[in-house]
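K.L.:
Got a structure for you, written out below as structure tokens; questions coming shortly.
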Amino acid sequence: MKRTSILAVLTLFAIPVLAQSAKPVDVTVKHVNDRRTTGHFANLTITIELPKIHSTDVAAWRALLTSATDDSGRDLVERGDQEPQLETYQQMGMPGKDAPPEPVSLRLQLRNPERKATTVKEVTGALELYMPSKDPNSTAELPKFLSLAGKPLAHKALKANGVEIAFVTPAQIDAEKKRLGAAKRKEALAEGLEGEGLDQYIASYLENVISLEESDLAARIKDPNNRIHEIAYVDASGDVKHVSSRSNETGLTILSTWGEKPQPDWKLRVSMKTPKNLARYSFALADVNLP
Amino acid sequence: MRAFARRSPLLGIMVSLALTAGGQSGVKVEIDEVVDNRMSEGPMTGGLELRVKLSGSGLDRVTAARLLVKDARDDGGNALGKQSGPDDFTPREYNSGTLSVSLPSPKRTATAARVKGTVELFVPARDPSAVVKIDKGLAKLDAPLSAKALKAAKVSITPLSPAGYAALMKARKVTPEDIEKIRARGKAEGVPEKEIELAIGLAQAFDSMDAEPPEGTVLLSGKEGDFDRIFRVDVLGADGKPVDMTMRSTSTRGEDSIMTLQPSQPLPANAALQITLLTDKARMSVPFELNVPLP
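Line order of the protein sequences matches chains A and B.
With the first sequence counted from 1, adding 1200 to any position gets you the numbering used here.
With the second sequence counted from 1, adding 441 to any position gets you the numbering used here.
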């Protein structure tokens, strides 16, 4: 187990951030897994613990690695085209009622070192932690939200974050389809399409553009500051239903549970990133022994 | 190496030749994938996992196979230790016919490993006694199955009634004495207190999972050693073909095992049981030696 000293690291790359500048954080290496294979899923995973941050405070996280090398000089940073997104923090089991809070434990994914390497010489970067409890405007919860369709949702946390959400009623969707259909028809006529072929073309277009499953809801969402972290539903018993969202060319966002149809007694939960709840910490590891 | 099959003359001889001639056996063992899963010290352990594929003629007669490693060393001459995990026969239709074996990870400084052993092939067609059919096998419950071939193989299996199963499960319950035995054994072996309590918790958790099986479940009891000599148990439908099972499991406590089969459809009143035995005559060993470049 290696305890590393605090090292402030200057992040050299531009990151669109809400978080303030990175503060250094204590990091302890808990486990190292070098999975070497001739097949798939080859990687080096270093599990680190942040002793001063409780796991119950963290809802999501991401690592932004600046550098990582083994003692042979091999670059271990997986450099993709896009920077990593926040991922949900998975709690390690349920803490006992009177048990002290567990420290947050994170898994850094790197490329395999050389087989001949014996240590990871250094890993530097930043850890971004999404901690909703740090800001009262982190979450907007709206009970029985289905009854609020057709008008913008009113909530102080939505307002504080500049987020506007309005669920669309079936009548509004029909009106939208009429508007889109008419516009498309005009375009198609100008291109010489007519008769049955034109009708089929318009029907097919509308089916592609606005097609809702039973478990889908359509909403107009404005989030100019990119604050929305996650949208979920909560049923009457408190079970959280994860929601995936996709936008289409009409400006509507389709929210789907891919299964259960939202019920009248369900609650809408919008989790948002704010300057107060998104913390960025710099960290550095040195001379991590390889198994 | 034994002759392959005496009963089906032409095909038997051909397969025999294919399996016994040419490169000693005709069956080749080739590396398909190597995973060296290296972990720092802790409760989880990694290892060197080798997945191999078999090739050669005659394999279509092989029902199942397994790898038995006799010696594994890295290129520095260091022995890797024994293979871990179950060494059961793997049906040929599983995992595209590949076989896997786990060994302790070699040293980090190693670049290759040499693995020697045998691949055991299970070919029921080589032994007429390997497949035992018992007509009306489920007609008489709570009494051992009666069949000459089972007796010859020293295998005793008893189909259970729901009442017989309930009585057996009651007798298998984890008692305070059992818990004390686990604790004493753990202490004697120097296992940390926390891990002993974890083991006791697991034993109690498994105990509480013993639920009443659904109606129509086929329940067979016997000694673990007897079940080890069985490759497969089938229940034959009215058409004489094996009935699909939605679930198969075997639980063992001490020396006693219970096999649970849940049929996908109601069984005919006089269903026959078909037990495929891993007899010596139905098995053949083919030596292999692999040079494994380490990733």
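Think of the CB as a built atom: it goes at the ideal place given N, C-alpha and C, for glycine as much as any other residue.
#1: Could one say the Cβ of V1494(A) lies closer than 7 Å to chain B's Cβ atoms, at least one of them?
#2: Going by other Cβ atoms of all chains shown within 10 Å of its Cβ, with 16 needed for buried, is S698(B) buried or exposed?
#3: Exposed or buried, which one is G467(B) when buried takes at least 16 other CB atoms within 10 Å?
#4: Just to confirm, is the Cβ distance from V1440(A) to V1434(A) under 7 Å?
#5: Looking at chain B, is there any beta carbon in it that lies within less than 7 Å of the beta carbon of A1486(A)?
#6: What are the residues of the segment 532-552 of chain B that lie near chain A, defined by any Cβ-Cβ distance shorter than 9 Å?
#7: DSSP puts S496(B) in a beta bridge; with which residues?
#8: Write down the C-beta distance between N711(B) and A580(B) rounded to the nearest angstrom, noting that I regard them as a contact closer than 8 Å.
#9: I think T531(B) touches A506(B), with their Cβ atoms under 8 Å apart; what is that distance to the nearest whole Å?
#10: At a CB-CB cut-off below 9 Å, which residues of chain B make contact with T1318(A)?
#11: Taking only beta-carbon positions, decide if N711(B) is within less than 7 Å of chain A.
#12: Counting only Cβ pairs nearer than 8 Å, list the residues of chain A close to E474(B).
#13: On the premise that L714(B) lies in contact with I575(B), defined as a C-beta separation below 8 Å, what is that separation, rounded to the nearest angstrom?
#14: Anything in chain B within Cβ reach of R1427(A), meaning under 9 Å, just list it in chain order.
#15: Listed from N- to C-terminal order along the chain, which residues in the segment 471-499 of chain B have their beta-carbon within a distance smaller than 9 Å of any beta-carbon of chain A?
#16: When every heavy atom of the ligand FMN is checked, does at least one fall within less than 6 Å of the C-beta of Q706(B)?
#17: If we define contact as Cβ-Cβ less than 7 Å, is P736(B) a contact residue for chain A?
#18: Sort out for me which residues DSSP pairs E474(B) with in a bridge.
#19: The beta strand (DSSP E) that contains Y1433(A), what's its start and end?
#20: Would you list the residues sitting across from M1331(A) in a DSSP beta bridge?
#21: To the nearest angstrom, how far is the alpha carbon of G1392(A) from that of K1378(A)?
#22: With burial defined as no fewer than 16 other Cβ atoms inside 10 Å of the residue's Cβ, what is the status of A1263(A): buried or exposed?
#23: Quickly, what does DSSP pair V1470(A) with across the bridge? List them, please.
#24: In this structure, does DSSP put P532(B) in helix, strand or coil?
#25: Name the chain B residues whose beta carbon is nearer than 9 Å to that of L1490(A)?
#26: Would you kindly report the start and end of the unbroken alpha helix (DSSP H) that includes N1408(A)?
P.N.:
A quick look at the data gives this:
#1: Residue 1494(A) falls outside the range modelled here, since chain A spans only 1201 to 1491, and no answer is possible.
#2: Mapped onto the second sequence, residue 698(B) falls at position 257. Label assigned to S698(B): buried.
#3: Here the question's residue 467(B) lines up with position 26 in the second sequence. G467(B) should be labelled buried.
#4: On the first sequence, residue 1440(A) is found 240 positions in, with the first residue counted as 1. On the first sequence, residue 1434(A) is found 234 positions in, with the first residue counted as 1. Contact flag set, yes.
#5: As a working note, residue 1486(A) is residue 286 in the first sequence. False, the Cβ-Cβ gap to chain B never drops below 7 Å.
#6: Within the segment 532-552 of chain B, the qualifying residues are S546, R549, T550, A551, T552.
#7: On the second sequence, position 55 is the one that residue 496(B) refers to. DSSP output for S496(B) lists K469(B) as bridge partner(s).
#8: Looking up residue 711(B) in the second sequence gives position 270. Looking up residue 580(B) in the second sequence gives position 139. Sure, about 7 Å apart at Cβ, within 8 Å.
#9: The sequence position of residue 531(B) within the second sequence is 90, counting from 1. The sequence position of residue 506(B) within the second sequence is 65, counting from 1. Taking C-beta atoms under 8 Å as the contact rule, T531(B) and A506(B) qualify, at a distance of about 6 Å.
#10: Here residue 1318(A) is taken as the residue at index 118 of the first sequence, counted from 1. Within 9 Å Cβ-Cβ: R549, T550.
#11: The residue you call residue 711(B) lines up with position 270 of the second sequence. N711(B) does not count as touching chain A.
#12: Along the second sequence, read from residue 1 onward, the residue named residue 474(B) stands at position 33. Correct list: T1237, T1238, G1239.
#13: Against the second sequence, residue 575(B) aligns to sequence position 134. Against the second sequence, residue 714(B) aligns to sequence position 273. That belief holds up - the Cβ atoms of I575(B) and L714(B) are roughly 5 Å apart, short of 8 Å.
#14: Counted from its first residue, the first sequence places residue 1427(A) at position 227. Under a criterion of Cβ atoms nearer than 9 Å, no residue of chain B is adjacent to R1427(A); the nearest Cβ is some 38 Å distant.
#15: I472, D473, E474, V475, V476, D477, N478, R479, M480, S481, E482, G483, M485, G487, E490, R492
#16: The ligand content of the structure shown is nil, which means the ligand FMN is not present either.
#17: Mapped onto the second sequence, residue 736(B) falls at position 295. True, the Cβ-Cβ gap to chain A drops below 7 Å.
#18: One-based indexing of the second sequence puts residue 474(B) at position 33. According to DSSP, E474(B) bridges with R492(B).
#19: Taking the first residue of the first sequence as 1, we reach residue 1433(A) at position 233. Looking at the DSSP string, the run of the beta strand (DSSP E) that includes Y1433(A) is 1428-1434.
#20: On the first sequence, residue 1331(A) is found 131 positions in, with the first residue counted as 1. M1331(A) is not bridged to any residue.
#21: Walking along the first sequence from the start, residue 1392(A) turns up at place 192. Walking along the first sequence from the start, residue 1378(A) turns up at place 178. For G1392(A) and K1378(A), the distance between alpha carbons rounds to 21 Å.
#22: Your numbering for residue 1263(A) matches position 63 in the first sequence. Classification for A1263(A): buried.
#23: By one-based count along the first sequence, residue 1470(A) stands at place 270. In the DSSP output, where bridge partners are listed per residue, V1470(A) has A1340(A), I1431(A).
#24: Here residue 532(B) is taken as the residue at index 91 of the second sequence, counted from 1. DSSP places P532(B) in strand when its eight states are reduced to three.
#25: Within the first sequence, residue 1490(A) is the residue found at index 290, counting from 1. Within 9 Å Cβ-Cβ: R479, S481, R549.
#26: Counting from one through the first sequence, the residue named residue 1408(A) turns up at place 208. Element bounds for N1408(A): 1395-1409.
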